[in-house]
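**Q** Supplied in structure tokens, the structure appears directly below.
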Amino acid sequence: MKKTAKTSTKVADAAEKSVGTALAQSKAAIYLALMNIPEGKVIAYGQLAKLAGLPGNARLAGKVLSGLPNNTELPWHRVINSQGKISLPEGSPGHAEQKRRLEAEGVVVKNNKISLRIYGYNN
DNA sequence: TTGTTGACGCGCG
DNA sequence: GCGCGCGCCAACA
């Protein structure tokens, strides 16, 4: 209807429209995976992406989390990098916020670092 | 279409 | 345990 003929990848294009840019699913998958994280536990971006069915898309997970609103209900603060540290830059509102939330759930943050060995969520 | 950027991960020294 | 560099995948200009 819109694209008309053009180079007409029509079939692929139509399929793409049906899902709403493939990422929509990925995004939803990441949300679901995030909801599966219990309190007092943390997970790495890559791990989260893998749980969402997107191995190798750790960065994408971060991209999605960055797009989350402030009033989101998702426990985004339970997501950290494989280093066991908060990816957000120190001094950033999100960093302090995340750290505070984690401690509120019983997660001990040692020197801005979290023991994945203890709090790491393994499925 | 090509190049750059990013809430990352892993291997090395 | 820590810092550095390269690699991966998608979005954006």
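Each residue of the first sequence is one higher than the one before, starting from 6 at the first, in our numbering. For glycine and all other residues, C-beta sits at the position ideal for the given N, C-alpha and C.
Whole angstroms are fine: how far does the CA of residue 60 sit from the CA of residue 51?
**A** One C-alpha to the other measures close to 7 angstroms.
**Q** Look at the Cβ atom of residue 97, then the Cβ atom of residue 49, and state whether they are nearer than 8 angstroms.
**A** It is not a contact, given that the beta carbons lie outside the stated cut-off.
**Q** Kindly indicate which residue of 118, 30, 33 and 62 has the alpha-carbon position closest to the one of residue 85.
**A** Of the candidates 118, 30, 33 and 62, the one whose C-alpha sits nearest the C-alpha of residue 85 is 118.
**Q** Give me, in chain order, the residues of the same chain whose beta-carbon lies closer than 7 angstroms to that of residue 70; leave out the 5 immediate sequence neighbours on both sides.
**A** 81 and 84, listed in sequence order.
**Q** Please return the same chain residues whose Cβ sits closer than 7 angstroms to the Cβ of residue 42, not counting the five positions on each side in sequence.
**A** The residues are 48, 80, 83 and 126.
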